[in-house]
């Protein structure tokens, strides 16, 4: 077995790990490097291996730094299966299409500047056609069920607790009569976070590839964050003001909506108008609704006792679901 790290090593983004076993190759994630435009464009554009030589891609979750370069991999010749959890597959439908639109608009912006200085135009890293071609290769496997990656390698997904559908991948590898167990953590969530179940504890592995971006940081507890949101909302009401909260479309937006729902339902803040102004976050929320089986006991209990089975909806909430509405 040989493992080559092509990203997320000595840097945070661009998760991409190539594993070679028995003369075959598979990838763990294929994410975008994110940062300075010129540097990341070059790093994302060039793979240090032949894309067509990869047999299978195993995807831990749908975040762009883990899945965002898949269309470029397909554009460069990869045609094998892309295996992930059902929820990650559904999230990827939105995330990868959105990333393709960003690549196209970013190239258009750069080319307008280049035109003014008689510079050569650039092509987008990939386009919507490449994204659609990539999405056709996706398949899904549920948590805790064995599946074959390549001959001699089987895998199982376990809860990672990072975002909806995120997975720890445990691989059983047989090569030259020897068996090795390799685990890839992907991005790990914390225990006790709202909505999602805790990450699974993985034992009895020979090798562990582990995400450690926040390995030396102490986070505030979810209860502290929830109470801080309550204080901010009450302060804004007292001043007659408005609260604008920038948020990631996947995970954070849903946590905020859920927290506001809890605060209003429990009488901790007045019933206030709330707008989720993000077409992508609106679409992502539909995927969350479709996967209640992945919610933790707290979220399921609130859905039962509040009289509202949809924890991401309440009378004061308006979803802004189109670009035109968002601009209005």
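Numbering (my numbering), first residue to last: 12 to 339.
Using N, Cα and C, we set each Cβ at its ideal position, and we do this for glycine too.
Here the structure is a predicted model, which is why all the values come from computation and not from measurement.
Three-state secondary structure (DSSP) of residue i
i	result
residue 47	coil
residue 192	strand
residue 99	helix
residue 35	strand
residue 282	coil
residue 29	strand
residue 288	strand
residue 118	helix
residue 76	helix
residue 141	helix
residue 166	strand
residue 207	strand
residue 60	coil
residue 240	helix
residue 220	strand
residue 256	coil
residue 271	helix
residue 299	helix
residue 261	coil
residue 133	coil
residue 157	coil
residue 328	strand
residue 229	coil
residue 174	coil
residue 245	helix
residue 198	coil
Cα-Cα separation, residue i to residue j
i	j	result
residue 210	residue 286	31 Å
residue 307	residue 230	20 Å
residue 77	residue 41	5 Å
residue 60	residue 281	57 Å
residue 291	residue 186	43 Å
residue 10	residue 218	Because residue 10 is not part of the residues shown, which for the chain are 12 to 339, the question remains open.
residue 312	residue 232	20 Å
residue 105	residue 295	7 Å
residue 309	residue 155	22 Å
residue 138	residue 112	7 Å
residue 51	residue 18	12 Å
residue 28	residue 221	11 Å
residue 200	residue 170	9 Å
residue 128	residue 140	30 Å
residue 16	residue 216	19 Å
residue 120	residue 305	40 Å
residue 94	residue 25	18 Å
residue 49	residue 298	34 Å
residue 278	residue 107	39 Å
residue 303	residue 114	32 Å
residue 317	residue 226	36 Å
residue 44	residue 20	11 Å
residue 118	residue 207	36 Å
residue 125	residue 331	35 Å
residue 66	residue 83	16 Å
residue 228	residue 238	21 Å
Per DSSP, cross-strand counterpart(s) of residue i
i	result
residue 21	Residue 21 is not bridged to any residue.
residue 13	31
residue 212	Note: residue 212 sits in no beta bridge, so no partner.
residue 182	166 and 193
residue 93	68 and 149
residue 105	DSSP lists no partner for residue 105.
residue 323	The partner list for residue 323 (beta bridge, DSSP) is empty, contrary to what the question assumes.
residue 306	207
Nearest to residue i (by Cα), restricted to the options the options
i	options	result
residue 35	181, 50, 322 and 13	13
residue 92	53, 101, 81 and 320	81
residue 6	289, 57, 182 and 53	No answer is possible for residue 6: it lies beyond the span of the chain, which begins at 12 and ends at 339.
residue 251	317, 190 and 243	243
residue 58	46, 88, 47 and 33	88
residue 184	157, 170 and 206	157
residue 333	62, 288, 297 and 26	288
residue 86	134, 128, 121 and 39	134
residue 260	303, 192, 129 and 109	109
residue 6	273, 336, 329 and 330	Only positions 12 to 339 of the chain appear in the structure, and residue 6 is not among them; the question remains open.
residue 64	90, 241, 46 and 126	90
residue 5	198, 189 and 172	The structure shown has nothing for residue 5, since the chain only spans 12 to 339.
residue 37	55, 256, 160 and 253	160
residue 320	300, 330, 238 and 331	300
residue 293	276, 224, 237 and 263	263
residue 39	33, 196, 132 and 54	196
Residue-level contact to chain C via CB, residue i, 7 Å cutoff
i	result
residue 14	No chain C is present in this structure, which holds just one protein chain.
Taking 8 Å as the cut-off, does the stretch 177-188 touch the stretch 58-72 (at least 3 CB pairs, one atom from each stretch)? As far as the Cβ criterion goes, the stretch 58-72 touches the stretch 177-188, which means the pair count is three or higher.
Notebook entry, point to check: Pairing CB atoms from the stretch 136-147 with CB atoms from the stretch 165-175, are three or more of them under 8 Å?
Noted result: The count of Cβ pairs closer than 8 Å, one atom from the stretch 136-147 and one from the stretch 165-175, stays below three, leaving the stretches out of contact.
Counting pairs of beta carbons, one from the stretch 319-335 and one from the stretch 267-283, are three or more of them closer than 8 Å? Yes, since at least three Cβ pairs between the stretch 319-335 and the stretch 267-283 fall closer than 8 Å, the two stretches touch.
Exercise for review: Mind the definition here: the stretch 148-159 touches the stretch 95-107 only if three or more C-beta pairs lie below 8 Å; say whether that holds.
Suggested key: In the pairwise beta carbon analysis, the stretch 148-159 is classified as touching the stretch 95-107: at least three pairs are separated by under 8 Å.
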